[in-house]
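For reference, the structure discussed in these notes is given below.
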Amino acid sequence: MDSTGREQLKRHLPEIILGLLMLAQASFLLVLTAPIAFVSDEWQFLFFRQGFSPGTTLDPYYEHLVAVPNYLYSTAVGIFGLGTNRPMQIAALLTFLGLNALLFVYLRRRAGGWAALIGTALILFLGAAFEDLLFAFQINYFGAIACGLGALLALDRDDRRGDLLASLLLVAGVLTSSMIFPFIAAAALEWALNPRDRRRRFFVPGAAIGIWILWWIGWGHQADSQAGLSGLSGLPGYLWKAVPAGFTSLAGLATDDGTMPDQPHLIWGRLLCLAALAAAGWRIYRLGRVPRELWVAIAAAATFFVLSGLNASDFRLPTSSRYQLPSALFIVLIAANLLRGVKIPGRALVASAILAALAVFGGARLMEEQATERWQPTSRSARAALGAIDLAGPAVIPGYQIDLRTNPEQDRLIPIDLYRETTASHGSPGMDASEIEGAAPQYRLQADLALIGATGIHLSGLPVRPSGPCQRVRGSNNLFGPVPLQSGGYLIMNRGKDQLAVALSRFSDLPGVSAGAILPETMAGLDLPQDNSTRPWQAIFFGEGPVRICPTG
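Sequential numbering of the sequence shown, starting at 36, is according to this note's numbering.
Right, here's the structure in full:
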């Protein structure tokens, strides 16, 4: 390689390294998300927001206008069905990588290639934001942030073409989620501070704001939102947690899922936050002014943190994982603008790279831990339950509603008729019988719980007469059975002088799921409805006995 080639390689080495880091992170996320099917908020889009009608597309999801995510989910389900979430996961991953590419360009223009590489790597591997990175639904965050960053880069051009592009990107962001609001605020401040003719540039923030207002008048005013001025009193306390949490996340020191009342490493984030404020104050003092681009970045960060604080609830805590990506990103944007014009010594870059590598390692461990301990099990549990409901088939009780919510803030339960209609058209997201049989014990137990709940299996206090010979259930040491039972009615007689507990198992390990209890020297009926599985139930009894069981029809 000649000197020119070596010089070119040296000049573009940060971009080459960034490309390799993106490839590594993409591989890591694809492995972690492979076992994760649809979860949480996605169920609302799969069953209640399918299609492209104005009502479906423009109805608010909480306070968000989610036309773009709605279009993506409807399209993905229409093409690939409900059997896989991979298309949406890949779309979210590509959007996240695009976000990081835009971030790198933004940072490089202000702090140079190597500093941009370090800052982007911290966001690219932000393990504390696992709830965003592992959850395809957060494409609404990624998309809005990518549009916002693109708008800021377009405004860097400071010309008419850049203004038009920025305006279009902000409009696209409005159609994606409310995460665009900080960037609209930034664009509005840039418009106010820019000496160019403001009347001819009003459309830069004005188009997005106008579209959002029209949407709010037509649809958005019906949104279920926690935001309000009542949150002003708690805003200082919220900010004193939210901003340091961003620093904690950047340092790779975040723990658990961010909902614990006491965050053990938040103190380090607070110390870093105070140190950063002091360094920022010194830098501004040396500059003798606050540069326009720094004001723009501060406006974006302040809008995000204030709106989040006004929208806080028990399920929207300042340390929650879902907020760490924007929190950390806005901190990095402010830092880049403070470093503009600073010649960073090589030793400082090396030290920063080492610290960033340690932060990335800590973040990756947290993300893997949350993926394997929380997200993957949640997905498998939902798939096992839905597979069991599929097997229940006609035996599901009328009016049954499926509860796939992971927290009470989420929307409606899914009526069984809607579930059947949707899965008839797009396939089922549930496990089939063989998958349930081969699943881990906790998921087979989940399947039995769903079967019993969906079919309403329980002990009845009004037994009917036996229709065939009764059998005495063998047992000892207060344990009787198991007894295989096919679909049909049964009469269970407790001949003992103590209460008899009844448990049922179809896929789960014994003893299975409690079906109730029978009082001493009494009897109860048990109806096992006909469903789509030929696998027998296993009944087991706990008590003094003796126990007799008789068919009733």
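Glycine is no exception: its CB is placed at the ideal position from the N, C-alpha and C atoms.
Whose C-beta lies closer than 8 Å to the C-beta of residue i among residues of the same chain, with five residues either side of it excluded?
i: Arg400; result: Gly162
i: Leu93; result: Leu100, Ala102, Trp250, Gly253 and Trp254
i: Arg541; result: Ala482, Asp483, Leu486, Gly547, Ser568, Arg570, Pro571, Trp572 and Gln573
i: Leu322; result: none
Helix, strand or coil: which one does DSSP assign to residue i?
i: Cys505; result: coil
i: Ile487; result: helix
i: Asn513; result: coil
i: Asn529; result: strand
i: Val74; result: coil
i: Ile432; result: coil
i: Gln521; result: coil
i: Ile369; result: helix
i: Trp254; result: coil
i: Ala577; result: Going by the sequence as given, residue 577 is Phe instead of Ala. Residue state, collapsed to three classes: strand.
i: Pro571; result: coil
i: Ser469; result: helix
i: Ile492; result: coil
i: Tyr454; result: helix
i: Ile302; result: helix
i: Ile589; result: Residue 589 lies beyond the residue range present for the chain, which begins at 36 and ends at 588; the question has no answer from this structure.
i: Trp96; result: One point to set straight first is that residue 96 is Tyr, not Trp, in the sequence displayed. Three-state DSSP puts Tyr96 in a strand.
What number of angstroms, rounded off, separates the C-alpha of residue i from the C-alpha of residue j?
i: Ala536; j: Gly578; result: 7 Å
i: Arg375; j: Leu368; result: 11 Å
i: Ala423; j: Leu486; result: 6 Å
i: Leu204; j: Trp410; result: 32 Å
i: Ala243; j: Ala388; result: 38 Å
i: Gly496; j: Arg507; result: 20 Å
i: His493; j: Gly551; result: 7 Å
i: Met123; j: Tyr108; result: 7 Å
i: Arg415; j: Val74; result: 9 Å
i: Ser568; j: Val499; result: 25 Å
i: Ala277; j: Trp572; result: 51 Å
i: Glu404; j: Gln173; result: 19 Å
i: Ala311; j: Ile333; result: 14 Å
i: Ala61; j: Ser355; result: 23 Å
i: Met214; j: Phe237; result: 21 Å
i: Val325; j: Leu345; result: 27 Å
i: Ser284; j: Arg455; result: 42 Å
i: Asn512; j: Thr587; result: 28 Å
i: Asn529; j: Leu539; result: 16 Å
i: Ile71; j: Val112; result: 16 Å
i: Leu58; j: Lys378; result: 30 Å
Could you pull the start and end residues of the beta strand (DSSP E) that residue i belongs to?
i: Arg583; result: Val582 to Pro586
i: Gly560; result: Met558 to Leu563
i: Ile553; result: Val548 to Ile553
i: Ser62; result: It is not in any beta strand (DSSP E) - Ser62 instead sits in the alpha helix (DSSP H) that spans Leu48 to Thr68.
Apart from the five residues just before and just after residue i, which ones in its own chain have a Cβ nearer than 6 Å to its Cβ?
i: Ala417; result: Leu439
i: Val395; result: Phe160
i: Pro217; result: Ala335, Thr338 and Phe339
i: Leu200; result: Ala189
i: Ile451; result: Val431 and Tyr435
i: Val582; result: Val508, Phe515 and Phe576
i: Gly148; result: Pro49
i: Gly281; result: Ser362, Ala363 and Ile366
i: Leu329; result: Asn372
i: Val239; result: Asp198, Ala201, Ser202, Ala222 and Trp226
i: Cys585; result: Pro501, Cys505 and Leu526
i: Asp425; result: Ser463 and Gly465
i: Thr590; result: Absent from the model: residue 590. The displayed extent of the chain is 36 to 588, so no value can be given.
Which residue marks the beginning of the alpha helix (DSSP H) containing residue i, and which one marks its end?
i: Phe282; result: Leu270 to Leu285
i: Ser463; result: Premise fails: Ser463 is in no alpha helix (DSSP H) and is neither H nor E.
i: Val112; result: Ala102 to Phe115
i: Gln124; result: Arg121 to Ala146
i: Leu535; result: That residue, Leu535, is in no alpha helix (DSSP H); its beta strand (DSSP E) goes Leu535 to Ser540.
i: Ala417; result: Gln411 to Ala427
i: Glu408; result: First-last for Glu408: undefined, no H or E at that position.
i: Phe165; result: Phe165 to Leu168
Note down, in chain order, each residue of its chain lying with its Cβ closer than 7 Å to the Cβ of residue i, except the 5 sequence neighbours on either side.
i: Phe177; result: Ala127, Thr130, Phe131 and Leu134
i: Leu421; result: Ser463, Pro464 and Gly465
Q.
My parser needs the alpha helix (DSSP H) runs of 4 or more residues fully inside the segment 316-359; what are they?
A. Taken in chain order, the whole alpha helix (DSSP H) runs of length 4 or more contained in the segment 316-359 are 327-345.
Q: Scan the segment 175-234 and note each continuous beta strand (DSSP E) run of 3 residues or more that stays entirely inside, going in chain order.
A: Annotation note: the segment 175-234 contains no uninterrupted beta strand (DSSP E) run of length 3 or greater.
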